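Structure record follows, encoded as structure tokens.
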Amino acid sequence: MNIDNTASQMRKGVLEFCILSVIKQGEAYPSDIIDKMRTANLNILEGTLYPLLTRLKNAEFLTYRWIESNSGPPRKYFSLTEKGGAFYKELEATWNELANAVKALSDAEQEHTAEQELSAEQDQLLNNNPESLQD
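In the working numbering, the protein residues as written are -12 to 122.
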């Protein structure tokens, strides 16, 4: 199994949430969204971002406005709509539930492994020093 493919699929599953998280902080130009996501080690290409922005806009989660630029054509800045804010809260709750469930499973596995290691250490001590059983 390819870890890169699995990691990529995991990232794809949370891209909308991450994009909305960036835009929730304030109006955002697509290149700003890409930069903020890169800073968080979530690389996204324009070819991936723009269709997601369009889908979120068509679902009425985002709106945009054109702002004149000193260095070229006007720029499209995106912001959350009220509906988008409500959707963001739902995604956030879902993400927190999922993250907590994964953490609980991971913690349980770590506890189980630690118990096994402790038991193995105790067995080894007893095998190396049987007198320790006598009180």
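Ideal placement from N, C-alpha and C gives every residue a C-beta, glycine not left out.
This structure is a prediction, so every number in the text was calculated from the model and none was measured.
Cβ-Cβ distance between Thr81 and Ser66 below 8 Å: no
Glu13 - DSSP class collapsed to helix/strand/coil: Sequence check: residue 13 is Gly here, not Glu. Gly13: coil per DSSP, three-state reduction.
Neighbourhood of Leu78 by C-beta distance below 6 Å, restricted to the same chain and skipping five residues each side: Phe4
Identity of the residue in Ser18, Leu43, Ala46 and Lys44 nearest Glu33 by Cα: Ser18
8 Å Cβ cutoff met for Lys11 and Tyr64: no
Proximal residues to Ala73 (C-beta, below 7 Å), its chain only, five neighbours per side dropped: none
Inter-residue Cα distance where the pair is Ala46 and Thr68: 10 Å
Residue environment, Gly59, which counts as buried when at least 16 other CB atoms sit within 10 Å: exposed
CA-to-CA distance, Lys44 to Ala91, given in whole angstroms: 35 Å
Environment of Gly0 [buried if 16+ CB atoms lie within 10 Å]: exposed
Chain B within 8 Å of Thr68, Cβ atoms only: Among the protein chains of the structure shown there is no chain B, as only one such chain exists.
Cβ-based neighbour list, Thr35, same chain, cut-off 8 Å, excluding 5 preceding and 5 following: Leu2
Collapsed DSSP secondary structure at Leu67 in the structure displayed: strand
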